[in-house]
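Undergrad:
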Amino acid sequence: MPKNSSNKSQGKNLKKRHRFFLNPYNDCAFTKCPKCEIKTKIRKFPLVIHIEPQQLLLLNKQCKYCTNCDLIIAKKQEIEPLMAVSFSQSNPKIIGNNYLVMGTVDKKDWKEGNQNSLSPSEMLERIYVFKDVWNFDVIPAGWYPNQ
Ligand SMILES: [Zn+2]
Numbered sequence: 000m001p002k003n004s005s006n007k008s009q010g011k012n013l014k015k016r017h018r019f020f021l022n023p024y025n026d027c028a029f030t031k032c033p034k035c036e037i038k039t040k041i042r043k044f045p046l047v048i049h050i051e052p053q054q055l056l057l058l059n060k061q062c063k064y065c066t067n068c069d070l071i072i073a074k075k076q077e078i079e080p081l082m083a084v085s086f087s088q089s090n091p092k093i094i095g096n097n098y099l100v101m102g103t104v105d106k107k108d109w110k111e112g113n114q115n116s117l118s119p120s121e122m123l124e125r126i127y128v129f130k131d132v133w134n135f136d137v138i139p140a141g142w143y144p145n146q
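Residue numbers (numbering that gives the first Met the number 0): 0 to 146.
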């Protein structure tokens, strides 16, 4: 899995905002922030997903969000079916390829991009890449001997 192989030196100073965590746990909703334990909010973000070899997808997705950490938490199991649906007609070969959630765009840019009125390079100029991508390990619920 590509963890943080982002920023293939796009050269120019990319705009940055938010932190991101792709939640791989089906049974963990992160109603609390895994970092600071504050209750997360639910908010929609227009996510930009890069799919190998060369495809951008905009997905306006409801995510968990920690205002304290500026951390967006998106669920892997929710994103992947939406990606598959998006390409089932236009480009089914791409389904299952490696992908990277690379950032967000502003709402207005999402609307334009969604109507295909923006070229990929124009789109790239409007992306805010994530400041940071975090990963969290979750210890499965259960009982364990004291360590
Ligand atoms: Zn937090």
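The beta-carbon is built from N, C-alpha and C at its ideal position, and this holds for glycine as well.
Strictly under 8 Å for the Cβ-Cβ distance: is LYS34 near chain B by that measure?
TA: Included in the structure is just one protein chain, with no chain B present.
Undergrad: In angstroms with no decimal places, state the Cα-to-Cα distance between LYS7 and LYS38.
TA: Unreliable placement is indicated for LYS7, whose pLDDT of 48 sits below 50; the coordinate value is still reported in the next sentence. LYS7 and LYS38: Cα-Cα distance of roughly 34 Å.
Undergrad: If we call anything under 8 Å between Cβ atoms a contact, is CYS35 one with CYS62?
TA: Going by C-beta atoms, CYS35 is not nearer than 8 Å to CYS62.
Undergrad: Between CYS27 and ligand 1, is there a pair consisting of the residue's CB and a ligand heavy atom that are separated by less than 7 Å?
TA: no
Undergrad: Given a cut-off of 8 Å on the beta-carbon distance, is the pair ARG16 and ASP131 in contact?
TA: no
Undergrad: Decide yes or no for the touch test of the region 69 to 82 against the region 118 to 128: beta carbon pairs closer than 8 Å, at least 3 of them.
TA: no
Undergrad: Tell me the rounded alpha-carbon separation between SER85 and PRO23.
TA: Looking at the two C-alpha atoms, the distance is approximately 20 Å.
Undergrad: Between which two residues does the alpha helix (DSSP H) carrying LEU123 extend?
TA: 119 to 125
Undergrad: Which partner residues does GLY102 have in the DSSP bridge list?
TA: VAL47, VAL128
Undergrad: Assuming ILE78 is part of the alpha helix (DSSP H), what are its boundary residues?
TA: 75 to 89
Undergrad: Let's test the definition: count the other Cβ atoms within 10 Å of the Cβ of THR103 and tell me whether it reaches 16, buried, or not, exposed.
TA: buried
Undergrad: Please list, in chain order, all residues of the same chain as ASP108 whose beta carbon is under 6 Å from its beta carbon, the five residues on each side excluded.
TA: Result list for ASP108: ARG125, in chain order.
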